[in-house]
Amino acid sequence: MVGDILTDVVAVLSGPLATGSDTAATITVGGGGQAANTAAWLARLGVPVTLVGAVGADGPGDARLAELAAAGVGCAAVRRAGVGTGSVVVLVDGVERTMVTDRGATLTLAAADIDASRASKPEATHLH
Numbered sequence: 000m001v002g003d004i005l006t007d008v009v010a011v012l013s014g015p016l017a018t019g020s021d022t023a024a025t026i027t028v029g030g031g032g033q034a035a036n037t038a039a040w041l042a043r044l045g046v047p048v049t050l051v052g053a054v055g056a057d058g059p060g061d062a063r064l065a066e067l068a069a070a071g072v073g074c075a076a077v078r079r080a081g082v083g084t085g086s087v088v089v090l091v092d093g094v095e096r097t098m099v100t101d102r103g104a105t106l107t108l109a110a111a112d113i114d115a116s117r118a119s120k121p122e123a124t125h126l127h
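Counting from 0, one number per residue, gives the positions in the sequence shown under numbering that gives the first Met the number 0.
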């Protein structure tokens, strides 16, 4: 699987966003990114999965890769110095959500990174 490995900062607002002021919220921080989430769910179902992505050579990158490994996801992540691990701030107000995104290191993932990962996994039969 190829795609985003991000840090999600999810703020579930207690009411409408109070522009220019404080809005009470419940805030959580953890792993995210569509590919990372999908890979974790596949691993939970017992499907062998390797995720190819890019993260920064930073603390958030360390945390995201550790979470994925703990979930049973094989990671072929490229560590990029000088660029941070991507993050998304998700504002949830009732049933609506708004995302503010900094893709960070994810934007540096290149075809050569994917090719290198595939070469190291000749038994892989599917790329998603």
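Cβ coordinates follow ideal geometry from the N, Cα and C atoms, glycine included.
Practice item. List the DSSP bridge partners of Thr100. Key: DSSP, once it has assigned bridges, lists Val87 as partnering Thr100.
Check your understanding: Hey, how far is the Cα of Ala109 from the Cα of Ala10?
Key -> A straight line joining the alpha-carbon of Ala109 with that of Ala10 spans about 32 Å.
Practice item. Below 8 Å CB to CB, which residues in the same chain sit around Arg79 once its five sequence neighbours on both sides are set aside? Key: Excluding its 5 nearest sequence neighbours in each direction, Arg79 has C-beta neighbours in its own chain below 8 Å: Ala53, Val54, Gly55, Ala56, Ala104 and Thr107, listed in chain order.
**Study point:** Option nearest Ala38 by Cα separation, candidates Met98, Gly93, Val88 and Ala76
**Key:** When each option's Cα is compared against that of Ala38, the closest is Ala76.
Check your understanding: Do the CB positions of Gly29 and Ile4 come within less than 8 Å of each other?
Key -> 8 Å or more divides the Cβ of Gly29 from the Cβ of Ile4.
Exercise for review: Identify the continuous beta strand (DSSP E) that holds Gly30 and give its terminal residues.
Suggested key: Unbroken beta strand (DSSP E) run through Gly30: Ala24 to Gly31.
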